[in-house]
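Asker:
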Amino acid sequence: MSTSPPDPGRLSINTATVRALWDLGQILDGCARHGIRGVSPWRDQVREMGLKAAAARIHGHGFAVTGYCRGGMFPGATPAERLAARDDNRRAVDEALELGARCLVLVVGGLPRGSKDVAGARGQVRDGIGELLDFARPREMPLAIEPLHPMYAADRACVNTIGHANDLCDELGDAGLGIALDVYHVWWDPHLEREIARAGAKRLLAFHVCDWLVPTRDLLLDRGMMGDGVIDVPAIRAAVEAQGYGGFHEVEIFSAEDWWKRPPDEVLQTCIERHQTSC
Numbered sequence: 001m002s003t004s005p006p007d008p009g010r011l012s013i014n015t016a017t018v019r020a021l022w023d024l025g026q027i028l029d030g031c032a033r034h035g036i037r038g039v040s041p042w043r044d045q046v047r048e049m050g051l052k053a054a055a056a057r058i059h060g061h062g063f064a065v066t067g068y069c070r071g072g073m074f075p076g077a078t079p080a081e082r083l084a085a086r087d088d089n090r091r092a093v094d095e096a097l098e099l100g101a102r103c104l105v106l107v108v109g110g111l112p113r114g115s116k117d118v119a120g121a122r123g124q125v126r127d128g129i130g131e132l133l134d135f136a137r138p139r140e141m142p143l144a145i146e147p148l149h150p151m152y153a154a155d156r157a158c159v160n161t162i163g164h165a166n167d168l169c170d171e172l173g174d175a176g177l178g179i180a181l182d183v184y185h186v187w188w189d190p191h192l193e194r195e196i197a198r199a200g201a202k203r204l205l206a207f208h209v210c211d212w213l214v215p216t217r218d219l220l221l222d223r224g225m226m227g228d229g230v231i232d233v234p235a236i237r238a239a240v241e242a243q244g245y246g247g248f249h250e251v252e253i254f255s256a257e258d259w260w261k262r263p264p265d266e267v268l269q270t271c272i273e274r275h276q277t278s279c
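Residue numbering for the sequence shown follows full-length UniProt numbering, beginning at 1 and increasing consecutively.
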């Protein structure tokens, strides 16, 4: 599989990468200034700016919205909590449509408050995705399940492998449902290449890149820039593209003690450079 440098035009920035020092308007203007064609905004940033204003700025710059972060968090300890999650996810679908997003990324949620029943939580996730699909499919907004590293199983996502995400796609149907593959969460999986092939181009809706640092100082907020850690990002990209994935490579970095403290223009320029040398 080829690991030649990627097309520079396929770089996307997840807005979390420079969110500490810039608001959404500054991020969008900065990406445009640096010639970056893709963005993936977060709902809280869009809410702060205003949905229609955010959509107008995004469309005005001609960005591809490579994903919208995020829906999910389906499990709840009570029926009222699950109903609130359902309603919030429907709003997320409508927001993603307004922004012209290619998919709504689902971080599915972990154990309900007070629970130790991971199987039950996974059942709630399956049912929640199925119910949301009934809402999203007629509106033609694809849903992208993002498997998260097992360290997040209790609180953020009890779908932890691409194999599990594939199983959900098998059970619920491929129409309007796929996977957001983030190298940070799946690089360690011994079945990764096999499950990427199982997903195929149809299910691979988004591809997120960063790096895993050794040591990692904080499991949530110490992601590395591509090339600074142990993930073979080019090999994973090659495996994804061998299946026919032709979408963007979305840089998503949470870095409270490093990249979030640097000038955002420097961060964006580094993303551009590392996209060519380390992806």
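Heads up, the beta-carbon is just placed ideally off N, CA and C, and yes, glycines get one too.
My assumption, with CB atoms under 8 angstroms, is that Ile253 sits in contact with Cys210. Please give the rounded CB distance.
Answerer: 5 angstroms
Asker: Nearest to Leu172 by alpha carbon, out of Leu213, Met141, Arg126?
Answerer: Arg126
Asker: For Ser40 and Ala77, I'd like the C-alpha separation in whole angstroms.
Answerer: 30 angstroms
Asker: Assuming Leu177 and Val186 are in contact, meaning their beta carbons sit under 8 angstroms apart, how far apart are those beta carbons, in whole angstroms?
Answerer: Between Val186 and Leu177 the Cβ distance is about 18 angstroms, and since that is not below 8 angstroms, they are no contact.
Asker: Exposed or buried, Glu266, counting other C-beta atoms within 10 Å across all chains shown (16 or more means buried)?
Answerer: Residue environment: Glu266 is assigned as exposed (fewer than 16 neighbouring CB atoms within 10 Å of its CB, all protein chains considered).
Asker: Pop quiz: Cys69 and Arg43 are said to be a contact at Cβ under 8 angstroms. What is the actual Cβ separation, rounded to whole angstroms?
Answerer: 7 angstroms
Asker: Would DSSP call Ile253 helix, strand or coil?
Answerer: coil
Asker: Could you tell me which uninterrupted beta strand (DSSP E) segments, each at least 3 residues in length, are contained entirely in the stretch 13-100, listed from first to last along the chain?
Answerer: If only complete runs of 3 or more residues are kept, the stretch 13-100 shows the beta strand (DSSP E) at 38-40, 68-72, in order along the chain.
Asker: Glu250 and Gly60: beta carbons closer than 8 angstroms?
Answerer: Not a contact, by the Cβ cut-off of 8 angstroms.
Asker: Enumerated in chain order, which unbroken segments of the alpha helix (DSSP H) with a length of 4 residues or greater are wholly contained in the stretch 187-275?
Answerer: 192-203, 233-242
Asker: Under three-state DSSP, which class holds Gly9?
Answerer: helix
Asker: Could you tell me which of Ser115, Ser12, Arg57, Gly9 sits nearest to Gln26, measuring between CA atoms?
Answerer: Arg57
Asker: With distances taken Cα to Cα, identify the nearest neighbour of Val159 among Gly120, Ala136, Ala201.
Answerer: Gly120
Asker: Work out the CA separation of Val46 and Ser278 for me, nearest whole Å.
Answerer: 30 angstroms
Asker: What does DSSP give as the partner residue(s) for Ala180 in the beta ladder?
Answerer: Ala206
Asker: Go ahead and label Thr3 buried or exposed: buried means 16 or more other beta carbons lie within 10 angstroms of its beta carbon, across all protein chains shown.
Answerer: exposed
Asker: Could you round the C-beta distance between Gly67 and Cys103 to whole angstroms and report it? I think they count as a contact, below 8 angstroms.
Answerer: 5 angstroms
Asker: In three-state DSSP terms, what is Val108?
Answerer: Val108 sits in coil when the DSSP states are folded into three classes, being neither helix nor strand.
Asker: Here's the rule I'm using: 16 or more other beta-carbon atoms within 10 Å means buried, otherwise exposed. How should Glu95 be labelled?
Answerer: buried
Asker: How far does the alpha helix (DSSP H) with Leu172 in it extend, from its first residue to its last?
Answerer: 162-172
Asker: Over the uninterrupted beta strand (DSSP E) stretch that includes Leu143, give me the two end residues.
Answerer: 143-145
Asker: Rounded to a whole number of angstroms, what is the C-alpha to C-alpha distance between Ala80 and Gln124?
Answerer: 13 angstroms
Asker: Does the beta-carbon of Trp22 have 16 or more other beta-carbons within 10 angstroms, so that it is buried, or is it exposed?
Answerer: buried
Asker: Assuming Gly114 is part of the alpha helix (DSSP H), what are its boundary residues?
Answerer: Annotation for Gly114: no alpha helix (DSSP H) segment contains it, and DSSP assigns it neither H nor E.
Asker: Return the CA-CA distance between Arg156 and Arg122, expressed in angstroms with no decimal places.
Answerer: 12 angstroms
Asker: Could you pull out every residue in the same chain whose Cβ sits closer than 6 angstroms to the Cβ of Ala201, ignoring the five residues on either side in sequence?
Answerer: Gln243, Gly244, Tyr245
Asker: Name the residue from Val230, Leu219, His34 whose alpha carbon lies nearest to the alpha carbon of Gly9.
Answerer: His34
Asker: So what does DSSP say about Ala157, is it helix, strand or coil?
Answerer: strand
Asker: So, Asp189 versus Glu146, is the Cβ gap smaller than 8 angstroms?
Answerer: no
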